[in-house]
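From first to last, the protein sequence lines are chains A and B.
This note's numbering numbers the first residue of the first sequence as 737 and each following residue consecutively.
This note's numbering numbers the first residue of the second sequence as 6 and each following residue consecutively.
The beta-carbon is built from N, C-alpha and C at its ideal position, and this holds for glycine as well.
This one's a predicted model, so the numbers in the text were calculated from it and none came from an experiment.
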Amino acid sequence: MANKYLKAKNCEEAIHFSQLHSDFSYISGGTDLMVNKYQKNNTSKTLIDLSDISEMKKLQLNEDIVIIGSAITLSELEKNNELISLFPSLNKAIKSIASPLIRNSATIGGNLLCDNRCMYYNQSEWWREAIGNCLKCDGDICIASGGKRNCFAKMVSDIAPVLISLKSSICIAKEDKDIIIPLEEIYSGDGINPHTFSKESIVKEIIIPKGNPKTSFEKLRERKTLEFTSLSCSISVTGNNIRVVLGGVDSKPVVLDFEKSVPVEDIIIKSTKKCRIIKNDLYSREYRKQMIGVFIRNGLKNII
Amino acid sequence: MTQIELWVNGRKHQLLVDEHDTLAYILRNKIELTGTKVGCEQGSCGACTVHVNGVAVQSCITPVLKCVGKRISTIEDVANQGELHPLQQKFVEKGAIQCGFCTPGMIMSTMDFLKENPKPSREEIEEGLSGNLCRCTGYKKIIYAIKEYADEKSVDTSDKFKMIGEGRPYIEATKKVKGEADYTDDIPEKNALHCKFLRSPFAHAKIKSIDFKKALEIEGVVDVVIGKELPNKFGVLPISEDETALAVDKTRYIGEIVVAIVAESERIAENAIDFIKVEYEPLKEYLEMMDSTLDVGKNEQIHSHSRFNNNIHKKAELRFGDQESGFENSHLKVERQFEFEGINHGFTEPHAAIAKWDENGLTIKTATQVPHYLHKSLAKVLEVPMSRIRVIKPYLGGGFGGKSDPFPHEIIISHLAKKLGRTIRVKLNREEVFLTNHGRHPTKLGVKMGLNKYNKISVLDADIVIDGGAYGSFGVVTSYYNGVLLQAPYEIDNFGFRTRRVYTNKPQSGAMRGHGAVNSRFAVETLLDELAHKANIDPCKLRLDNLISENSITIGQYRITSNGSRKCLETIMNQSDWDKRYGKLEKGKGLGVAGGFYISGSALPIHWNEYPQSVVHLKVDMDGRVLITSGASDIGQGSDTMLAIIVAEVLGLSMDNIFVVAADTLLTPIDLGSYSSRVTFMAGNAAKMAAENMKNKLLNTISKAHDIPKSEINLSKERVFSNDKTIDLNWKEAIVFLTDKVGAISSSGYYNSPKLGGDFKGAGAGLSPSYSFGSVVAEIDVNTNTGEVKLINIWGAHDAGKAINPLAVEGQLEGSWHMGLGQAMSEQMKYYNGMLLNANFLDYKIPTSVDTPPIHTNIIESIDPEGPFGAKECGEGAIHPVLPAIANAIYDAVGIRITSLPIRSEDILRKIKEKENGE
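Here it is, written out as structure tokens:
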């Protein structure tokens, strides 16, 4: 079957295209997908381009909420002064993503839906075959965990932890209607199929309540640019609630809520315990675990 | 396939494309806009940056169909009718361009971020460039160029007749900044076939059968080659030829070429690989270097020719003085084990080559540092006389040693060109570049040192194991260099080492910038720091007290002539305010120092013969332009410009009257290549001699014709005149005059090293007609909560003898320091069961602009008595001190000794905790 590239004018048309071509992927910025295509981790014959859908490119700053169209590029968002002052941790997270060049193409929706990563999976087809395909590419066992039957490929969106800490929701366009659900609900925790919604659905908008919480964001990476996360830690404090959201340490964002009275050490222990870190990253498992504590302590110190 | 209209650089193109083609592929292959480079294929290096609707994006990960209806502009659109954009002009003027492969992407990124922020701070420029990797410059000159452009600083005016010592851009910089310099893969060739490789998935396995029948049946597939078709062995060192172009009978590393397939298009060749079936029988793998030192059965050896009953490739051992009594007489002793991961050159231009066979035999255009050695290897493997082979090096996007061997892909396509009578192209992707490797050897070494009661180094003994991977490459030399290059820059009475280079089932290691001595230098400089602490004296003072002096002989009988080591160290001590700050910074912050030295070319050639090591020819005709022909390979280090400056200086010309043709084995005379930091010294001396010979011809002829002593005739500012001005000719008139008298004008010069060194086995290793010296002070800040090390400043000084082109010399030094800090801080080749885990520019972590601290550059000039105008090497030696300086700074900051590289935050944190717990 020949390759196809279809530009959708609106969500409805995009969903329609998806029904006509079963072997498809949506593409917007393409910075994740095109690399996966190069490595043949994605072999979709049809690409449905969402990047020109105007309803997905609107930024609305309402009284109580901010609505961000998911096809807005990260570089547009990082330069928006209102967003910077409303959500400094979101800005910090965006600026920590890849490089300015990537952010010129990459969209916020694409970042939320970036495929889960593992150092035994994000390799060329030849490489994966040579090593013995892992679970995520139709093999029998997880190589990173030394033979387990689950895939632990890590969720690497830096924006997801921040948005979840801000208690954001997302609007998903489905065939028959749009639905709004809390962002964390789209993450399944399965490294192979990391998202809960059907493949045809489109993440259309992100809705962030203004609430004015105190927030922090920190990311573990070897270089100050280019890198995917080895640990992202986003914390928000609203009223009596402390929300800790960790990325890069499980197949989904790890979300924990605490009352303000909970001692920091307990927050750290509980947060660390809830993560499923395995050796699928160039940092050791132990170090990433250790840094959860450091990042939470720092984050809380800065905002409380 | 679909028909599209694409607007590129203001022109509409009607194109037939595959729906999933990338913009980079279309720009390069369908519109021939090859100024857009592809360095990584995965959006990690920025070389392919173009503008889509005015926004900088990476075209290698942008689908072309996404760009339909949008305005695309590429580097070719930046200059206005051939006139450089002022930003491009600044890149040229400031020396921001070395190999030039990243330059188009740098320009395109910069033009984008300057639109929104026309007056950026240095930090904002670093951030703006942080998606564009440069391996040559250390970013310093790029950042300067952008800052000066943004601040609208006026164009520098330099005297066009000032040559030696005047910083000037490379002669090809304008071409590079416009995207017009053709690197190998940019060169169009008619009717060419494309070659792709099936590579071994086994680290060590017998090849039981290869079935390529189905692949050959695919339409468009032209031929398939397997190992037995090219059985002749080759290698850069004639004493260690152990590699075949394709695996014969067995494979020795994951990634080794087993089958080559050639087809009408790259895609057909790539798809056809899936139809080849190879049956392997796995053999015992040797992945750990120490395992390869153990005795094994004959059948388990990686190479049957290994002389010992194990997988040791080379044992090198030299001893001078008496180490035992040296230790006995030592007042203070230290001993440590060190471990270093392998690293890769990380040049931005992947390997590429084009071979053609016609009535003149073979012509291969290839990204090589060593046309001459490739020439020899091709002759040997293909069994074709050298007179039927021509090797041409086009513009080259960085080498650093990684293009200094003959490579299988070059041999395979040459063979195919001969066999099929067609032009064959090949380019490796970034993963293949990493698998091809030849990078720095992973190393384990133990070093012992002692100080006597006068704080003089009394003894140094090193026991070294280096992991050579599957084949020999430069390994015999590396084995010696690891040891012999420790005998300076300090005076040592009792010195010895043993190196064992082992074969393992991993991609082969070879020569990389600072060849052989980087890791062992790290160990020695770390121990010196420790000795200084034990002796309670300042580490700079300890070094100053032990430096070997100029015009001396080392214990291993190296002849030291010029030596600026003291001035180097004093300069950076002063600049870093060492005396006031060392040991006095708050906890977590630290300063560290280290020194080093290096050869200016190897005095002994690889092939033992009496041939000159470099020859330069000059030719001048009625137009007055001097043509320089030289076999030296300009790989981005500026050697073509260096030759031009030297000739212009001698003949009193401006660069306008000089033209360089280099690195073409048919047109240019022999030069052994760009490795071991030999080009300025050797080709430079040859060029100087050639120019002086031409000058003498002119002077002799004029002197004779006008009866004026030669000493009264001058060549300056493109005029030839006598002191009394009775003769006063412009250059062209002088050339006409000379041609009238002698008929034809050409001249030649050559260089051969003087006979040097001692009379013992191994005496030749590391011998050089001159040595460079250098030192670095590093300032760092350790986060004691995370173990993360932040580099704050690098102060470096390097004795380059005389900087023929200071702009280029600074560029070499900054690039060396940058590469060194990469090895220290983040780079490593990481394996999983013999498979390289990080064969891409995302996971192989070359420091970006935001990871690179301010670098303070000092050129020290000691005026070497034998170097051309006093010059010596500057391309490699500077790297040595930067790594241990960083490690020593960490000790100053948190009291932790670094004994393995790269420095990992988690190791530092663990040691901080251990220290706190009193372990």
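CA-to-CA distance, residue j to residue i, given in whole angstroms
i	j	result
A:S790	A:K745	8 Å
B:E697	B:T673	19 Å
B:H944	B:G133	The question about residue 944 of chain B has no answer, for chain B in this structure spans 6 to 924.
B:S463	B:K539	15 Å
B:F527	B:H885	7 Å
A:E941	A:P949	21 Å
B:L292	B:I259	11 Å
B:K370	B:Y756	26 Å
B:V283	B:V227	19 Å
A:R825	A:V980	Residue identity check: residue 825 of chain A is Ser in the sequence provided, not Arg. One C-alpha to the other measures close to 13 Å.
A:K960	B:W822	19 Å
B:G40	B:I497	52 Å
B:N662	B:V631	6 Å
B:E354	B:V684	21 Å
B:P68	A:C850	17 Å
B:I891	B:T441	30 Å
B:A384	B:H612	15 Å
B:E121	A:S841	17 Å
B:G477	B:K145	36 Å
B:S309	B:K303	7 Å
A:K733	A:F753	Since the first residue shown for chain A is 737 and the last is 1040, residue 733 of chain A is missing from the structure and cannot be characterised.
B:V781	B:C573	8 Å
Delimiting residues of the beta strand (DSSP E) encompassing residue i
i	result
B:P544	No beta strand (DSSP E) contains B:P544, which is instead part of the alpha helix (DSSP H) from P544 to N551.
B:C200	L198 to R204
B:M454	T448 to L456
A:F953	K950 to L956
A:E911	No beta strand (DSSP E) contains A:E911, which DSSP labels as neither H nor E.
A:N1016	Per DSSP, A:N1016 belongs to no beta strand (DSSP E) and is neither H nor E.
DSSP bridge partner residues for residue i (one or two, in chain order)
i	result
B:H377	DSSP, once it has assigned bridges, lists no residue as partnering B:H377.
A:G983	A:S968
B:G720	It is Leu, not Gly, that sits at residue 720 of chain B in the sequence shown. DSSP output for B:L720 lists B:V725 as bridge partner(s).
B:E284	B:S214
B:F778	B:F602 and B:D804
B:M840	B:Y837
A:P945	A:I801
A:Y741	A:L783
B:D786	B:K594 and B:K795
B:H861	B:W800
B:H520	According to DSSP, which records beta bridges pairwise, B:H520 is partnered with nothing at all.
Boundaries (first-last residue) of the alpha helix (DSSP H) holding residue i
i	result
B:E388	B:E388 -> no alpha helix (DSSP H), and no H or E assigned at all.
B:P413	P413 to L425
A:W863	E861 to I867
Review point. If you measure beta-carbon to beta-carbon, which residues of the stretch 930–960 of chain A are closer than 9 Å to chain B?
Key: The stretch 930–960 of chain A vs chain B, Cβ under 9 Å: L956, E958, R959 and K960.
**Study point:** Members of the stretch 852–869 of chain B that neighbour chain A once the beta carbon cut-off is set at 9 Å
**Key:** Against chain A - using a Cβ distance shorter than 9 Å - the residues of the stretch 852–869 of chain B are P852, T853, S854, V855 and D856.
Check your understanding: the stretch 55–89 of chain B: which residues have C-beta closer than 7 Å to a C-beta of chain A, in chain order?
Key -> Correct list: V60, A61, V62, Q63, I66, T67, P68, L70 and K71.
Review point. For the stretch 44–55 of chain B, which residues have a CB atom closer than 7 Å to at least one CB atom of chain E, in sequence order?
Key: Checking the listed chains, one finds no chain E in this structure; the protein chains it contains are A and B.
**Study point:** Cβ contact check for the stretch 97–114 of chain B and the stretch 134–154 of chain B: 3 or more pairs under 8 Å
**Key:** Cβ pair count under 8 Å is three or more, so yes.
Point to revise | Residues in the stretch 336–357 of chain B having any Cβ partner in chain A nearer than 8 Å | key: For the stretch 336–357 of chain B, the beta-carbon criterion of a distance under 8 Å to any beta-carbon of chain A is satisfied by none of its residues.
Review point. Is it true that the stretch 848–866 of chain A meets the stretch 186–206 of chain B, where meeting means three or more beta-carbon pairs spaced less than 8 Å apart?
Key: Three or more beta-carbon pairs drawn from the stretch 848–866 of chain A and the stretch 186–206 of chain B are found closer than 8 Å, and the two stretches are therefore classed as touching.
Review point. Is it a yes or a no for the stretch 790–805 of chain B touching the stretch 856–873 of chain B, going by three-plus beta-carbon pairs under 8 Å?
Key: The stretch 790–805 of chain B, when compared against the stretch 856–873 of chain B, does touch it at the 8 Å Cβ threshold.
Exercise for review: Determine contact between the stretch 816–833 of chain B and the stretch 533–547 of chain B, defined as no fewer than three beta-carbon pairs at a distance below 8 Å.
Suggested key: Cβ pair count under 8 Å is below three, so no.
Review point. Going along the stretch 812–838 of chain B in order, which residues come within less than 8 Å of chain A, judged by CB to CB distance?
Key: From the stretch 812–838 of chain B, only S831, K835, Y837 and N838 have a Cβ closer than 8 Å to chain A.
**Study point:** Under 8 Å (Cβ pairs) to chain B, residues found in the stretch 743–769 of chain A
**Key:** From the stretch 743–769 of chain A, only K743, I763, G766 and T767 have a Cβ closer than 8 Å to chain B.
Check your understanding: Should the stretch 990–1000 of chain A be regarded as contacting the stretch 743–755 of chain B, the criterion being three or more beta carbon pairs within less than 8 Å?
Key -> Fewer than three pairs of CB atoms, one per stretch, sit closer than 8 Å, so the stretch 990–1000 of chain A makes no contact with the stretch 743–755 of chain B.
Practice item. Taking 8 Å as the threshold, find out whether the stretch 770–790 of chain A comes into contact with the stretch 44–51 of chain B through three or more Cβ pairs. Key: As far as the Cβ criterion goes, the stretch 770–790 of chain A touches the stretch 44–51 of chain B, which means the pair count is three or higher.
Check your understanding: Would the stretch 826–845 of chain B and the stretch 760–770 of chain B be scored as touching if the rule is three or more Cβ pairs under 8 Å?
Key -> With contact defined as three or more Cβ pairs closer than 8 Å, the stretch 826–845 of chain B and the stretch 760–770 of chain B are not in contact.
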